[in-house]
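Protein chains in written order, with my numbering: chain A, 38 to 338; chain B, 38 to 338.
Protein chains: 2
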Amino acid sequence: MKLNILGCYSATPSVFTNPTAQVLEINNHLFLIDCGEGTQVQLRKHKIKFNRIKHLFISHLHGDHFFGLVGLISTFRLLGREADLHIYSPKGLKEVITLQMKLANSWTNYNLIFHELTNKESELIFEDEKVEVHTIPLDHRIYTNGFLFKEKEGQRKLDMNAVLNANIDVAYYRKLKQGFDVKNEADKLIDNKTVTLPPNPPKSYAFCSDTAYNESIIPIIRHVDVLYHESTFLDQHEKLANPTKHSTAKQAASIAKKANVGTLILGHYSTRYDDLNVFKTEAQTIFDKVELGDDGKVFEF
Amino acid sequence: MKLNILGCYSATPSVFTNPTAQVLEINNHLFLIDCGEGTQVQLRKHKIKFNRIKHLFISHLHGDHFFGLVGLISTFRLLGREADLHIYSPKGLKEVITLQMKLANSWTNYNLIFHELTNKESELIFEDEKVEVHTIPLDHRIYTNGFLFKEKEGQRKLDMNAVLNANIDVAYYRKLKQGFDVKNEADKLIDNKTVTLPPNPPKSYAFCSDTAYNESIIPIIRHVDVLYHESTFLDQHEKLANPTKHSTAKQAASIAKKANVGTLILGHYSTRYDDLNVFKTEAQTIFDKVELGDDGKVFEF
């Protein structure tokens, strides 16, 4: 998986900071997560091919998480997009987007497929051969979901020396990868495990923004490789966190620790702070493996 | 008048080009004209004080002219704005903006006053002591207005030597500026014109984007000091201009010439062209006083 953070600051965009948007790449498949104002320019800046984005996930309908979407949809149209675009978001987004298309008398040539969410329990919202996406119900001022991206268990890998030694015809390689025992050219049944290696362990990524400290997400995100958890505030402003339904860096770290995740990436910083390093320092008093998200940063895992 | 061009490219924003937005300053009063995606960042970049903007004019509801508005309104709220904001736009904008505020459950603390336009004839839409704003009905794919900003005739200026020689009490200076004859300290009636000078000639600015070549605007914009007229295309793509209801640089220049304006500023360039100078060269085959609009350019007149 490759995570490209296009923007990770809260509230208003500025000359140097962008509101939330991320691109997650899994097996050449691009998922866009949130789409604050200016996301299309960030995509261009980071040379991400627009037409590779086929699925888009919006956590909630605060402007810093979706005001860039209508422009992106419109740009896709101007660029002659033909591929379907699936949008997963809280209910209401379809009305906003279609109203603006109606007023502009500009309809997309491609299919725009809205999957509007209302469920307050975690649910499977997307699945293909390689990936599942589940919602992570968050605790924010309006209906908000995080998203859990889970790779499926891959195929077993051929141990080529063993396969050749066992004298297995190439026609059976697919069966071997699928885990079956097969017969070799001498008609002898070969135990799969003697000629194949286990698949790469499937990776997982959880995106959690925006949310108050909320332990109920822990069972959903337990053991993920990477957790992006919002940390709008530092400890000195902890009193602001719960009323605004945001988290501090320490709270994000507590969730990471209790869920036993691999790495915690922080983000959604309030623009009141000049030095991001303090977020890391504070989080590391609770959980060691902390990375600072920042606009333009890429994480591979 | 001071015109600050924040963005003047058509269609999609890119890393180096911004969609339409301009700030016109008249006597310390700021008018924002159109508001493409990213306008709030452009305002910050050019250090324009947000709270000095009290009137906002949207030409039409294509995204490259208003997708930045909802974010700007939301940022005004986050910055604690208290002053009223008046928005002049085609009908429909109020519904778009209020729907998004409703979904976000985020209402402005300041008054948002929509003036929705439907008239197809030119009309006076704003007036204060110093300025009038009239619509300029344009010919585009959807209902579109340009805007004519006209300074009102100012007060006469005191010719201080003459005033002192005529022995006029300071209490009468205001009357003199207003053009009245007044009595001097010897009770003699003084002819206003002998002690005052004519006011500065009032300036005018016409914003015309987006529009096909349309001679019916000429009577409205005749003799303006500065005309901004869209020139989406060069001559080589003239055939695209009318079907898309846009203009070429030469067509913009023809309008400027026929309306006998002071200076023509070009803009709303299609991003297909690399060299803007060709727009100027082509326009100057018809009208001499041509300036190239560009993002970040400031014109004072």
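Each residue gets a CB set at the ideal place from its N, CA and C atoms; glycine is no exception.
Need the endpoints of the alpha helix (DSSP H) that residue i sits in, please.
i	result
A/P256	I255 to I258
B/N198	M197 to N202
B/I134	L130 to A141
B/G108	L106 to L115
Can you list the residues of chain A that residue i reaches, using a CB-CB cut of under 9 Å?
i	result
B/E119	Those do not exist, as B/E119 stays about 17 Å from chain A at its closest Cβ, beyond 9 Å.
B/R89	The contacting residues do not exist; B/R89 stays about 17 Å from chain A at best.
Determine, using beta carbons only, whether residue i comes closer than 8 Å to chain A.
i	result
B/N142	yes
B/S241	no
B/P256	no
B/V263	no
B/I351	Lying before the first or after the last residue shown, residue 351 of chain B is absent from chain B, which here runs from 38 to 338.
B/I179	yes
B/M169	Note on identity: in this sequence residue 169 of chain B is Glu, with Met being the wrong assignment. No, its Cβ sits nowhere closer than 8 Å to a Cβ of chain A.
B/E74	yes
B/G129	yes
B/G299	no
B/G330	no
B/F270	no
B/V52	yes
Output yes if chain B places a C-beta closer than 8 Å to the C-beta of residue i; else output no.
i	result
A/K82	yes
A/V78	yes
A/T49	yes
A/E267	no
A/G333	no
A/G44	no
A/G183	no
A/V219	no
For residue i, which residues in chain B fall below 7 Å Cβ to Cβ?
i	result
A/I111	A quick correction: the sequence has Ser, not Ile, at residue 111 of chain A. Neighbours of A/S111 on chain B, chain order: G100.
Between which two residues does the beta strand (DSSP E) harbouring residue i extend?
i	result
A/L154	L149 to L154
A/G333	A/G333 -> no beta strand (DSSP E), and no H or E assigned at all.
B/S126	L122 to P127
A/N41	K39 to G44
A/T322	First-last for A/T322: undefined, no H or E at that position.
A/F338	Taken as a continuous stretch (DSSP letters only), A/F338 belongs to no beta strand (DSSP E), as it is neither H nor E.
B/K187	N182 to E188
A/T172	V168 to P174
B/F163	L161 to E164
A/V263	V263 to E267
Who are the neighbours of residue i on chain B, taking C-beta pairs under 8 Å?
i	result
A/V133	V133, L136, Q137 and L140
For residue i, return the contacting residues in chain A, with the cut-off set at a CB-CB distance below 8 Å.
i	result
B/V60	Going along chain A, no residue has its Cβ under 8 Å from B/V60, so there is no contact; the nearest lies around 16 Å.
B/V107	G100 and F104
Could you list which residues in chain A have their beta carbon closer than 7 Å to that of residue i, in chain order?
i	result
B/L115	A48 and T49
Determine the chain B residues that contact residue i at a beta-carbon separation under 9 Å, and present them in chain order.
i	result
A/I207	For clarity, residue 207 of chain A is Val in the given sequence; the question names Ile instead. By Cβ distance, chain B contributes nothing, its closest Cβ being about 48 Å from A/V207, past 9 Å.
I'd like to know whether the C-beta of residue i is nearer than 8 Å to at least one C-beta of chain E.
i	result
A/N314	Protein chains in the displayed structure are A and B, and chain E is not among them.
ask   = Between the segment 205-216 of chain B and the segment 257-266 of chain B, are three or more C-beta pairs nearer than 8 Å?
value = In short, these stretches do not touch, since the Cβ pair count stays below three.
key: Every unbroken beta strand (DSSP E) within the segment 207-247 of chain B, with a cutoff of 3 residues, ordered by chain   = Counting only runs that start and end inside the segment 207-247 of chain B, the beta strand (DSSP E) elements of at least 3 residues fall at 241-245.
Minimum length 4: unbroken alpha helix (DSSP H) runs contained in the segment 270-313 of chain B = Counting only runs of 4+ residues, the alpha helix (DSSP H) found wholly inside the segment 270-313 of chain B occupies 275-281 and 286-295, in chain order.
ask   = Do the segment 102-116 of chain B and the segment 165-172 of chain B make contact, defined as three or more Cβ pairs closer than 8 Å?
value = Segments in contact, no.
task = State whether the segment 274-283 of chain B contacts the segment 65-72 of chain B, with contact taken as three or more CB pairs (one from each stretch) at a distance under 8 Å.
result = Segments in contact, no.
message = Restricting to runs no shorter than 4 residues, where is the alpha helix (DSSP H) found entirely within the segment 51-100 of chain B?
response = Those alpha helix (DSSP H) runs which fall completely within the segment 51-100 of chain B and span 4+ residues are 76-82.
inquiry  = With three or more C-beta pairs closer than 8 Å as the rule, is the segment 222-239 of chain A touching the segment 187-198 of chain A?
reply    = Cβ pair count under 8 Å is three or more, so yes.
Cβ contact (3+ pairs, closer than 8 Å) linking the segment 292-312 of chain A and the segment 325-336 of chain A = Between the segment 292-312 of chain A and the segment 325-336 of chain A there are three or more C-beta pairs closer than 8 Å, enough to call the two in contact.
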